[in-house]
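Here's the structure we're looking at; comments come further down.
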Amino acid sequence: MADSSPPPGIDTTIPQPARFWDYMLGGRDNYPIDQEVGRQVLAIFPDLLDAARADRGFLVRVVRYLVKDAGIRQLLDIGTGLPTANNTHQVAQANAPECRIVYVDNDPMVLVHARALLTSTPEGKTDYLHADVRDPELILDGAANTLDFTQPVALMLLGIMNYILDNAEAHSIVKQLVDALPSGSYLAMSHPTAEVHAEAIKTSIAQYNASGAPPIRTRSREELVQFFDGLDLLEPGVVSCSFWRPDPTDIGVITEVTQYGGLARKT
Ligand SMILES: C[S@@+](CC[C@H](N)C(=O)[O-])C[C@H]1O[C@@H](n2cnc3c(N)ncnc32)[C@H](O)[C@@H]1O
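Following this note's numbering, the numbering of the sequence shown begins with 434 at its first residue and continues without gaps.
Spelled out as structure tokens, the structure:
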């Protein structure tokens, strides 16, 4: 559990997305209010834990693919979350130490812990921007201090567009960001869906949204595929994060989770 006296600017009376997700991932940077809503949601839908873990597994496999197989050396990770194991820069730089990563989040708690994200290799670079995804222009301007937008960039939007409830706004944000990237760039997205475990996920999201936390929504596979319009969606398309190119060494039966993921290339 985080220290009982929170850092300045941290509101511990309302659950916050990054801290809630940290709780789901077994982290310690969350407060009783986040744990309470976490327990309520898990009581309705215990499999959310699998979805959270599958989402992180997806992140690891996508970043490894991008750096090792696709030659990507620059990543823009928006909606970073609280530092945990296998942060984007760690996975990327383990495969190519010269990788440059810009992290973006709007949660003051992530800002407080951003130091753990700024542990770059000497050959590479990491930076952190405290910004809202609703302001793509500001993000692109800030990221340009670290990333060269004439070279391919992997844009990572994992578990974040579900906070942008309005479809037109969500599409406009993704379009503005993707339009700024040169050909050879990539878009990775993960997003909760109600196409798996429909009733449980709907009830648990209603419970979460009633908690006062910034509300979230689900989207269908068809709706998610639309975010990749104009890009080449890589195999196996938009699928349960756990089904996206699982490691051959993964043990046991891989089950479908309520979090979809996909990766596409800009030509
Ligand atoms: C569910 S967590 C996902 C963390 C990480 N990307 C992952 O997949 O494990 C969502 C993150 O998005 C951030 N977030 C939510 N709305 C945002 C917004 N409008 N602008 C920037 N970040 C936002 C939250 O603070 C949180 O850290």
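Ideal Cβ positions, reconstructed from N, Cα and C, are used throughout, including at glycine. Values in this document were obtained by computation on a predicted structure and should not be read as measured data.
Grab the span of the alpha helix (DSSP H) containing Ser623 for me, first residue to last. Looking at the DSSP string, Ser623 is not in any alpha helix (DSSP H); the run it does join, the beta strand (DSSP E), is Tyr619 to Pro625.
Between Asn539, Thr552 and Asn463, which lies nearest to Ala527 when the distance is taken from Cα to Cα? Minimum Cα distance to Ala527 is reached at Thr552.
Where Lys635 sits in the DSSP three-state scheme: helix
Quick one: using the 10 Å Cβ neighbour count with 16 as the cut-off for buried, is Asn578 buried or exposed? Asn578 is exposed by the Cβ-count criterion.
May I ask you to check if the CB of Asn539 is nearer than 7 Å to at least one heavy atom of ligand 1? yes
Looking at ligand 1, does it come within less than 7 Å of Glu623, judged from the CB to the closest heavy atom? Position check: residue 623 holds Ser in this sequence, whereas Glu was assumed. Yes, Cβ of Ser623 sits closer than 7 Å to a heavy atom of ligand 1.
Please determine whether the Cβ atom of Tyr381 lies at a distance below 7 Å from any heavy atom of ligand 1. Because the chain here runs from 434 to 700, residue 381 falls outside it and cannot be looked at.
Please report the distance separating the alpha-carbon of Asp612 from that of His604. 12 Å
Is Arg506 helix, strand or coil when you go by DSSP? coil
For the segment 479-526, which segments carrying the alpha helix (DSSP H) assignment without a break, of at least 4 residues, lie completely within its bounds, in sequence order? 481-497
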